[in-house]
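Numbering (this note's numbering), first residue to last: 39 to 376.
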């Protein structure tokens, strides 16, 4: 059922979309966690479920108003707009912060994950043996995923479509980072850097009425890759939403237990004290992408040195991350009471 939202509610929903979009782009961070903690996860999943045969029939019949209400379009459009704007703005700022203040950014994310686990688990029936088993399963899966070795880049359009399906897991399943999955599949740079840059450059060229890019084979290839990836993402988003909608309805306790486990297991991926490991060829030479940037392979984690001031600053940012999440949760609960 479509909710009536004030301008303030819409503004906050847009900001949540910005946060969700930025989180989806960062390896190890799940946009689904933002949705879960901010209190709109279930509405998000159930809204995506509405993209079905009934919606198609309403569209064909020309019943625009009924379709608008049925799809909860007021909610989903604002959220997706926020995620889209984030991808070309907030996520760029985040890229800058990670490049120059990486330790503190990861520390804040680490704190946000801890805050998320606390928020979700505090009212959950942890003493149930069944729930504990599924929490352990989720934690184990999250840890194992973080230890996998990445594959080589593959620009086959069918594989890219599959990557799109898998990558949306970060939006639909809290704790499972779609960006990190793309690193493991070997296509993070291709799909979230090179192809997006190609689209951005193409839009700039079109705004200048410059269509010379049509003769640029590499640009056209990247645009095809992005189109296939987007199609896979849309397909996966709608498909996963139907699956998750079903399990949330029939196995809500079990689903929440797995989500708590996934989020806890993802702590290993966002551990602040780590060094990036970049892809190398057989002779040990760094492999560069089309923009001559190093390609991230995984992370080498280590224990912090408590004698360094940066360590204590990072710990402060951990608490800042916890505070941000609990503040969002408090605001969400306050809105529900009203």
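Note that beta-carbon positions come from the ideal geometry of N, C-alpha and C, so glycine has one too.
Is it buried or exposed, residue i, if we count other Cβ atoms within 10 angstroms and call 16 or more buried?
{"i": "residue 144", "result": "buried"}
{"i": "residue 3", "result": "This structure cannot speak to residue 3, because the chain is shown only from 39 to 376."}
{"i": "residue 113", "result": "buried"}
{"i": "residue 167", "result": "exposed"}
{"i": "residue 317", "result": "buried"}
{"i": "residue 194", "result": "exposed"}
{"i": "residue 99", "result": "exposed"}
{"i": "residue 249", "result": "exposed"}
{"i": "residue 54", "result": "buried"}
{"i": "residue 46", "result": "exposed"}
{"i": "residue 340", "result": "exposed"}
{"i": "residue 309", "result": "buried"}
{"i": "residue 351", "result": "exposed"}
{"i": "residue 102", "result": "exposed"}
{"i": "residue 238", "result": "exposed"}
{"i": "residue 138", "result": "exposed"}
{"i": "residue 158", "result": "buried"}
{"i": "residue 186", "result": "exposed"}
{"i": "residue 382", "result": "The displayed coordinates of the chain run from 39 to 376. Any statement about residue 382 would go beyond what the structure contains."}
{"i": "residue 51", "result": "buried"}
How many Å lie between residue i and residue j at the Cα?
{"i": "residue 326", "j": "residue 122", "result": "27 angstroms"}
{"i": "residue 223", "j": "residue 178", "result": "20 angstroms"}
{"i": "residue 297", "j": "residue 173", "result": "8 angstroms"}
{"i": "residue 262", "j": "residue 231", "result": "14 angstroms"}
{"i": "residue 107", "j": "residue 205", "result": "28 angstroms"}
{"i": "residue 359", "j": "residue 353", "result": "10 angstroms"}
{"i": "residue 105", "j": "residue 142", "result": "45 angstroms"}
{"i": "residue 119", "j": "residue 315", "result": "34 angstroms"}
{"i": "residue 347", "j": "residue 136", "result": "19 angstroms"}
{"i": "residue 220", "j": "residue 290", "result": "28 angstroms"}
{"i": "residue 273", "j": "residue 344", "result": "47 angstroms"}
{"i": "residue 302", "j": "residue 244", "result": "45 angstroms"}
{"i": "residue 293", "j": "residue 126", "result": "33 angstroms"}
{"i": "residue 39", "j": "residue 287", "result": "For residue 39, the pLDDT reaches just 48, beneath the cut-off of 50, and the residue's location in the model is therefore unreliable, although a value from the coordinates is still provided. Their backbone Cα atoms lie some 16 angstroms apart in a straight line."}
{"i": "residue 44", "j": "residue 203", "result": "34 angstroms"}
{"i": "residue 270", "j": "residue 228", "result": "15 angstroms"}
{"i": "residue 140", "j": "residue 110", "result": "38 angstroms"}
{"i": "residue 234", "j": "residue 240", "result": "10 angstroms"}
{"i": "residue 225", "j": "residue 306", "result": "21 angstroms"}
{"i": "residue 184", "j": "residue 357", "result": "24 angstroms"}
{"i": "residue 197", "j": "residue 94", "result": "28 angstroms"}
{"i": "residue 60", "j": "residue 48", "result": "18 angstroms"}
{"i": "residue 311", "j": "residue 147", "result": "12 angstroms"}
{"i": "residue 260", "j": "residue 182", "result": "31 angstroms"}
{"i": "residue 160", "j": "residue 201", "result": "34 angstroms"}
{"i": "residue 337", "j": "residue 247", "result": "43 angstroms"}
{"i": "residue 77", "j": "residue 319", "result": "45 angstroms"}
{"i": "residue 58", "j": "residue 258", "result": "29 angstroms"}
{"i": "residue 361", "j": "residue 368", "result": "10 angstroms"}
{"i": "residue 304", "j": "residue 323", "result": "30 angstroms"}
{"i": "residue 268", "j": "residue 313", "result": "31 angstroms"}
{"i": "residue 80", "j": "residue 332", "result": "38 angstroms"}
{"i": "residue 132", "j": "residue 242", "result": "22 angstroms"}
Report back the beta-carbon spacing between residue i and residue j to the nearest angstrom; my notes put them in contact at under 8 angstroms.
{"i": "residue 199", "j": "residue 266", "result": "5 angstroms"}
{"i": "residue 150", "j": "residue 321", "result": "In fact, because the Cβ distance is near 40 angstroms, the residues do not count as touching under 8 angstroms."}
{"i": "residue 300", "j": "residue 176", "result": "5 angstroms"}
{"i": "residue 56", "j": "residue 82", "result": "Residue 56 to residue 82, Cβ: 15 angstroms. No contact."}
{"i": "residue 295", "j": "residue 169", "result": "4 angstroms"}
{"i": "residue 207", "j": "residue 134", "result": "Contact doesn't hold; Cβ gap of about 26 angstroms is too wide."}
{"i": "residue 264", "j": "residue 210", "result": "So it is not a contact: roughly 21 angstroms between Cβ atoms."}
{"i": "residue 212", "j": "residue 68", "result": "5 angstroms"}
Kindly examine the ligand SAH and report whether one of its heavy atoms sits closer than 8 angstroms to the Cβ of residue i.
{"i": "residue 74", "result": "Ligands are entirely absent from the displayed structure, and the ligand SAH is therefore not among its contents."}
Please specify which runs of the alpha helix (DSSP H), each continuous and at least 4 residues long, are wholly inside the region 196-255, giving them in chain order.
207-210, 216-222 and 233-245
The region 61-72 / the region 144-159 touching (three or more Cβ pairs under 8 angstroms):
yes
Mind pulling the alpha helix (DSSP H) runs of 4 or more residues that sit fully within the region 259-283?
none
Taking one C-beta from the region 83-92 and one from the region 278-289 each time, how about it: are there three or more such pairs within less than 8 angstroms?
yes
Unbroken stretches of the alpha helix (DSSP H), 4 residues or longer, contained in the region 62-147:
69-75, 79-87, 91-98, 102-108, 111-126 and 128-138
At what residue ranges does the region 288-362 contain a whole run of the beta strand (DSSP E), taking only runs of 3 or more?
312-316 and 334-339
Does the region 236-254 come into contact with the region 53-66, if we say contact requires no fewer than three beta-carbon pairs (one atom in each stretch) closer than 8 angstroms?
no
Starting from the N-terminal side, write out each stretch of the beta strand (DSSP E) that is 3 residues or longer and does not extend beyond the region 151-175.
none
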